[in-house]
Structures are given as C-alpha cells and as structure tokens.
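Residue numbering for the sequence shown follows this note's numbering, beginning at 12 and increasing consecutively.
Note that CB positions come from ideal geometry on N, CA and C, so glycine has one too.
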Amino acid sequence: MLGFGKKKKKDANAADTAGAKDTIAVPPGKKDPKKGQAQPEETETIEKSPPPEKKKFITKKRIFIILMILGALGGAAFLVYKMYFTGNETKTAVYNKIELAHVKLPEEMLKFSFKHFPDLYLSLVSYNEEITLFENEIARIEAIAQKYPEQKKITETGKKSLEKGKNTLVKAFEKLEKPIKETYVLFQVNESQGIASIKEKEKELTETAQAALKISQDQTQIIKPTSPKEPGGIFTGTLYKLKKKFL
Numbered sequence: 012m013l014g015f016g017k018k019k020k021k022d023a024n025a026a027d028t029a030g031a032k033d034t035i036a037v038p039p040g041k042k043d044p045k046k047g048q049a050q051p052e053e054t055e056t057i058e059k060s061p062p063p064e065k066k067k068f069i070t071k072k073r074i075f076i077i078l079m080i081l082g083a084l085g086g087a088a089f090l091v092y093k094m095y096f097t098g099n100e101t102k103t104a105v106y107n108k109i110e111l112a113h114v115k116l117p118e119e120m121l122k123f124s125f126k127h128f129p130d131l132y133l134s135l136v137s138y139n140e141e142i143t144l145f146e147n148e149i150a151r152i153e154a155i156a157q158k159y160p161e162q163k164k165i166t167e168t169g170k171k172s173l174e175k176g177k178n179t180l181v182k183a184f185e186k187l188e189k190p191i192k193e194t195y196v197l198f199q200v201n202e203s204q205g206i207a208s209i210k211e212k213e214k215e216l217t218e219t220a221q222a223a224l225k226i227s228q229d230q231t232q233i234i235k236p237t238s239p240k241e242p243g244g245i246f247t248g249t250l251y252k253l254k255k256k257f258l
C-alpha cells in the first residue's frame with residue numbers, strides 16, 4: 012500500500028515536468044502552434060511633446076523700440092520748433108522798414124499788413140523782387156539790342172515776353188491794394204469790425220497774391236538774380252530763412 016502511493020506521486024511530478032517542457036515561449040504577434048492564437052503585441056507608450064508656443068507680434072522689445080523712435084521724432088520736432096519759431100520767446104515780431112520800390116502802399120499800411128496779413132506781406136516783398144528781376148532783365152536785353160541792332164527781331168521777342176509777364180503781375184497786385192486800404196481804414200475807425208474784415212479777407216488775398224507770384228516765378232526762374240538782402244526783424248527774418256531753406 013505504501014509503495015503504491017509513492018509511485019503515484021512520482022508519476023504526477025513527472026507529468027508536470029513534461030508539461031512545462033512542452034510549453035514554448037511564443038513571440039508577440041505570432042500564433043501559438045498548439046492553441047492557434049496570436050499573442051498580443053506589446054504596445055510602446057509615446058509621450059507627445061507640447062505644441063510650440065506662438066510668437067507674439069507685440070513684444071516688450073518691439074514696444075521699447077517704437078517708443079524710442081517716437082521719442083526721437085518728438086525731440087526733433089521740438090528742436091525745429093524751438094530753433095525757428097521760438098528762438099527768443101521774450102521778444103515779439105518787430106516791423107523793420109524795407110524799401111519796396113514797386114509797392115505803392117504807404118508805410119503805415121505796409122506795417123499794418125506785416126502785423127495782420129503776415130503771409131500777404133511776404134508776398135508783397137516777393138512781388139517787389141519779381142518786378143526788379145523783370146526790369147533788370149529787360150534792361151539787359153535792351154543793351155544787347157543796341158549792340159546788335161541787326162538782331163532786333165530776337166531781342167524784341169524776348170523783351171515783349173518779359174514785359175507781358177511784368178504787366179500781368181503788376182495788375183494782379185494792384186487789385187490787392189484796394190482791399191488792403193479799405194481794411195486798414197476800417198480798422199482805424201472801428202477796430203472790432205476791422206479785425207472781422209481781416210479774418211474774412213486774409214485767406215483770399217494771400218491765395219490771390221501767391222497764385223500771381225507762382226505764374227511770374229515760372230517765367231523768372233531762368234533769370235539769375237543778384238543776392239537779395241535778407242529782411243530784418245525776428246518775424247520776417249525767420250520766415251525768410253525758412254523760405255530759403257525749404258523752398
């Protein structure tokens with residue numbers, strides 16, 4: 012009895028060992044030859060990287076650069092204003108008499124125009140220069156005509172063209188004299204009405220004068236003028252410098 016029990020136990024152990032030998036490791040994804048089933052594949056875990064951050068268009072550096080540029084422009088504008096318009100803040104524009112041989116207005120009306128029609132006054136100064144240019148050039152051509160009388164046809168053509176331009180400019184400015192005189196007298200009689208008249212007429216008179224000068228200057232730009240005398244006074248002197256610099 013005892014010997015039979017031990018033999019039975021040994022047979023069971025031997026069967027377990029044989030079963031273990033028959034069990035073969037099957038690679039993932041291949042079928043088990045015994046069971047006919049594919050072994051599950053091992054999955055690899057892939058970590059996703061975070062999406063790249065979008066670059067901001069407005070950054071602190073760009074804001075700083077923009078502020079620096081604006082500051083530089085503002086400083087330049089202030090410097091120009093300080094140099095050309097407020098060179099001496101304690102003084103006001105002072106009228107200095109300029110001989111305008113071709114302007115028929117009396118001195119007190121020129122002074123009035125300087126104070127109340129400043130742009131028109133500058134046009135009167137330019138008008139005087141233009142007439143001087145015309146007369147000097149006409150005189151030069153007349154001298155050529157006397158020296159070469161056989162070429163009279165050429166000299167007469169040039170002279171007539173200049174005389175026509177001069178007369179056109181004179182007529183345009185003669186029309187400006189009347190409203191200037193009327194406004195001056197009205198200002199002397201009733202200052203408030205005179206100021207109202209100045210505001211009403213200033214733009215129109217100035218534009219008329221500048222338009223006439225533009226036509227004349229298109230004709231006289233080929234004439235070489237003698238160096239004009241720089242106007243005196245803070246107001247006219249400053250405007251004269253600006254005109255020379257930028258025009």
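Kindly give me the distance between the Cβ atoms of residue i and residue j, rounded to whole angstroms, as I take these residues to be in contact under 8 Å.
| i | j | result |
| --- | --- | --- |
| S137 | L224 | 5 Å |
| K175 | M120 | Not really, about 28 Å apart at Cβ, beyond 8 Å. |
| F128 | E213 | 6 Å |
| E185 | K170 | Not quite, the Cβ-Cβ distance comes to about 22 Å (not below 8 Å), so this is no contact. |
Taking the straight line between their C-alpha atoms, what separation do you get for residue i and residue j?
| i | j | result |
| --- | --- | --- |
| K126 | K71 | 51 Å |
| T231 | E141 | 8 Å |
| I109 | F75 | 52 Å |
| V200 | I209 | 14 Å |
| A112 | E118 | 11 Å |
| N107 | L116 | 16 Å |
| V2 | S134 | No answer is possible for residue 2: the residues shown for the chain start at 12 and end at 258. |
| T168 | A220 | 27 Å |
| Y159 | N178 | 26 Å |
| I77 | T143 | 51 Å |
| K189 | I165 | 38 Å |
| D229 | A83 | 38 Å |
| I206 | V105 | 20 Å |
| E211 | N139 | 25 Å |
Can you list, in chain order, the residues of its chain with a C-beta nearer than 7 Å to that of residue i? Leave out the 5 residues immediately preceding and following it.
| i | result |
| --- | --- |
| Q204 | L197 |
| S227 | E141, G176 and L180 |
| Y195 | M120 and F123 |
| H148 | Note that residue 148 is Glu in the sequence shown, not His. Once the five neighbours on either side are set aside, the close Cβ partners of E148 are L173 and I234. |
| M79 | none |
Report all residues from its chain with a CB closer than 8 Å to the CB of residue i; omit the five preceding and five following residues, and keep chain order.
| i | result |
| --- | --- |
| K163 | A156 |
| A31 | With a pLDDT of only 45 at A31, under the threshold of 50, the placement of this residue in the model should not be trusted; the figure read from the coordinates follows. Excluding positions up to five away in sequence, the list is empty. |
| L131 | S124, L187, I191, E213, L216, T217 and A220 |
| L81 | none |
Check whether the Cβ of residue i sits closer than 7 Å to any heavy atom of the ligand PLP, and report yes or no.
| i | result |
| --- | --- |
| N147 | The ligand PLP is not part of the structure shown, which contains no ligands of any sort. |
Going by C-alpha to C-alpha distance, which of the options sits closest to residue i?
| i | options | result |
| --- | --- | --- |
| I234 | Q221, I77 and A150 | A150 |
| K182 | G85, A222 and E161 | A222 |
Is residue i buried or exposed, if buried means 16 or more other CB atoms sit within 10 Å of its CB?
| i | result |
| --- | --- |
| E218 | exposed |
Apart from the five residues just before and just after residue i, which ones in its own chain have a Cβ nearer than 6 Å to its Cβ?
| i | result |
| --- | --- |
| F145 | L173 and K177 |
| D33 | Model confidence at D33 stands at a pLDDT of 47, short of 50, so the residue's coordinates are unreliable; what they give is reported in the following sentence. Within the same chain, D33 has no close Cβ partners at all. |
| K46 | Confidence in K46 is poor, its pLDDT being 49 and thus under 50, which makes the residue's placement unreliable; the coordinate value appears in the next sentence. Hits under 6 Å: none found. |
Please tell me whether residue i has its Cβ less than 8 Å away from any Cβ of chain D.
| i | result |
| --- | --- |
| I152 | Note that chain D does not occur in the displayed structure, where there is just one protein chain. |
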